[in-house]
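Q: Below: one structure in structure tokens.
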Amino acid sequence: MVMYDIYGIGGALVDTEVEVSERFLADAKIDKGVMTLVDEARQRELLDALSSEDLKLIKKCGGSVCNSVVAASSLGAKAFFTGKVADDADGELYVNDLNSSGVDFHRGGQDSGITGKCLVMVTDDAERTMNTFLGVSETLSSKEIDRDALKNSKWFYVEGYLVTGEARTSVVREAVEFAKENGVKIAISLSDPFVVDVFGDALLDVMGNGVDLIFCNKDEAIAFTGASDLESAIEKFERISKCFAITDGANGSVTFDGEHLAKCPGFSAKAIDTNGAGDMFAGAFLYAITLGKSYDWAAKFANNCAAKVVEQFGPRLNLEELMDIKKKFGI
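Each residue of the sequence shown is one higher than the one before, starting from -6 at the first, in this note's numbering.
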């Protein structure tokens, strides 16, 4: 019996999002536009610097796949998420936020330590830059996996960021194999050019003999395939993945359903914050295909949701906004 449309696994991180200047990034020696792993002291240093400038900080439960699962749940999917949080205030915030979003969560234990945090810095050009302290999410173990929920799900959605640690890679590989054995379809996000460049072999290891769907953006696709441009990357992707969905910002997306390649133009948007656009796309796309929609239809729907989310500050849309989009698409 299918219990869940989507079972996601990823880094359980409390996102703190803030608008910053280009000068702040330069002065703090932060690489713009990518995710950088930092220790707790470095993240605290940055947070203290931001607090001294009296900037507005927004805190939410986050992590890439978590954002996608929340989006899918808000649209109407039955969703489950696995991640690891500590027995601290941020851990409680995380669990409560998931519960209020209608996402089921299995807490493997009351772990000491510190819940992971991601500092998301957004510049005037809407680009997001992330500095991440993994905290206890780095120690994700098999006890956090709810096997009963996983084997009774339609899709298992895996976050590429998880392969940045050997122990977590092993946990994910085991979970992917278990899901495959039980007929659950596998989707994976490549997550970030940094992950692809440094941990590409680990991504391939987790994929094993292949996955059903890969999500990535243009830069990740080019890095993963070693191609010189998007068109060349698409040709290589058709040979290495059953299906894929590649996003390209305002240009829209390219999808392949195993037979047909479709290019879907983007929707017009006045972007102020691109954080969460890819996560929203993936969540909306997965929701659509669990309804039995075609990849082309799902891409149009997901592009619309992503275009809407970049027009606001933060990675989520409220229920009213999502219902308006569903109504527009007749669902």
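Where is the CB? At the ideal position from N, CA and C, for every residue including glycine.
Looking at the structure shown, is LEU143 part of a helix, part of a strand, or coil, going by DSSP?
A: If DSSP states are grouped into helix, strand and coil, LEU143 belongs with the helices.
Q: Can you pull the DSSP bridge partners for LEU109?
A: Going by the sequence as given, residue 109 is Gly instead of Leu. Its beta-bridge partners are LEU6.
Q: Less than 6 Å between C-beta atoms, sequence neighbours within five positions excluded: which residues of the same chain meet that for ASP97?
A: Same-chain partners within the cutoff: PHE73.
Q: Spatial neighbours of ALA292 within its chain, please: CB distance less than 6 Å, with the 5 preceding and 5 following residues excluded, ordered by chain position.
A: Excluding positions up to five away in sequence, the list reads SER246, THR248, CYS257.
Q: Who pairs with GLU12 in a beta bridge, going by DSSP?
A: In the DSSP output, where bridge partners are listed per residue, GLU12 has VAL115.
Q: Leaving out five residues on either side along the sequence, give the residues of the same chain with a beta carbon under 7 Å from the beta carbon of ALA119.
A: Here the set comprises ALA264, ILE265, ASP266, THR267, VAL303.
Q: Would you call the CB atoms of ILE215 and SER221 closer than 9 Å?
A: Their beta carbons are under 9 Å apart, which means ILE215 touches SER221 by this criterion.
Q: Do THR240 and TRP148 come within 9 Å of each other at the CB atom, strictly closer than that value?
A: Cβ distance not < 9 Å, so TRP148 and THR240 don't count as in contact.
Q: Under 6 Å Cβ to Cβ from LYS211, same chain only, skipping five residues before and after it: list those, please.
A: Taken in chain order, the residues that qualify are LEU223, ASP241.
Q: Below 8 Å, how does it come out for the region 108 to 118 and the region 76 to 90: are there three or more Cβ pairs, yes or no?
A: Cβ pair count under 8 Å is three or more, so yes.
Q: For GLY276, is the classification buried or exposed, using 16 other Cβ atoms within 10 angstroms of its Cβ as the cut-off for buried?
A: So GLY276 counts as buried.
Q: Where do the ends of the alpha helix (DSSP H) carrying VAL247 lie?
A: Note, VAL247: premise wrong, no alpha helix (DSSP H); beta strand (DSSP E) at 246 to 249.
Q: Would you call the CB atoms of GLU10 and PHE306 closer than 9 Å?
A: Yes, Cβ-Cβ distance for GLU10 and PHE306 is below 9 Å.
Q: I need the straight-line Cα distance from THR218 to ASP47, nearest angstrom please.
A: In a straight line, the C-alpha of THR218 is about 43 Å away from that of ASP47.
Q: For the pair the region 37 to 44 and the region 133 to 152, tell me if three or more CB-CB distances fall below 8 Å.
A: Touching, no, given that fewer than three Cβ pairs across the two stretches are closer than 8 Å.
Q: Under DSSP, the alpha helix (DSSP H) around ASP272 begins and ends at which residues?
A: Unbroken alpha helix (DSSP H) run through ASP272: 270 to 283.
Q: Can you give the Cα-Cα distance for VAL199 and ALA238, rounded to whole angstroms?
A: For VAL199 and ALA238, the distance between alpha carbons rounds to 19 Å.
Q: Consult DSSP for LYS53 and reduce its assignment to one of helix, strand or coil.
A: It is a strand residue.
Q: Could you please give me the residues that DSSP links to TYR87 through a beta bridge?
A: Looking at the DSSP assignment, TYR87 forms no beta bridge with any residue, so it has no partner.
Q: Starting from LYS293, follow the alpha helix (DSSP H) in both directions and report where the run begins and ends.
A: Counting along the chain, the alpha helix (DSSP H) containing LYS293 begins and ends at 288 to 302.
Q: Should ALA262 be labelled buried (16 or more other beta-carbon atoms within 10 Å of its own) or exposed?
A: ALA262 should be labelled buried.
Q: Going by the beta-carbon positions, is the gap between ASP(-2) and LEU279 smaller than 9 Å?
A: Going by C-beta atoms, ASP(-2) is nearer than 9 Å to LEU279.
Q: Using a 10 Å radius around the Cβ and a threshold of 16 neighbouring Cβ atoms, would you call VAL191 buried or exposed?
A: Under this definition VAL191 is an exposed residue.
Q: If you reduce the DSSP assignment to three classes, tell me which class ARG161 lands in.
A: Note: ARG161 maps to helix in three-state DSSP.
Q: Can you tell me whether GLU170 is helix, strand or coil according to DSSP?
A: In this structure, GLU170 counts as helix in the three-state DSSP scheme.
Q: Output yes or no for whether 9 Å exceeds the beta carbon distance between TYR154 and GLY1.
A: No, the Cβ-Cβ distance between TYR154 and GLY1 is not below 9 Å.
Q: Going by alpha carbons, who is nearest to SER146 out of PHE187, VAL177, GLY128?
A: Ranking the options by Cα distance to SER146, first place goes to VAL177.
Q: How many angstroms separate the CA atom of SER184 from the CA atom of ASP272?
A: Taking the straight line joining both Cα atoms gives about 9 Å.
Q: GLU314: which of ASP141, CYS298, ALA65 sits nearest, CA to CA?
A: The residue with the shortest Cα to Cα distance from GLU314 is CYS298.
Q: When the Cα of ASN296 is compared with those of LYS25, GLY323, PHE260, VAL63, which residue comes out closest?
A: When only C-alpha atoms are compared, the closest one is PHE260.
Q: Return the CA-CA distance between CYS59 and ILE324, expressed in angstroms with no decimal places.
A: Approximately 23 Å, taken between the alpha carbons.
Q: So, LEU6 versus CYS54, is the Cβ gap smaller than 9 Å?
A: Taking 9 Å as the Cβ cut-off, LEU6 and CYS54 qualify as a contacting pair.
Q: I need the DSSP call for ILE318, collapsed to helix, strand or coil.
A: Correct three-state label for ILE318: helix.
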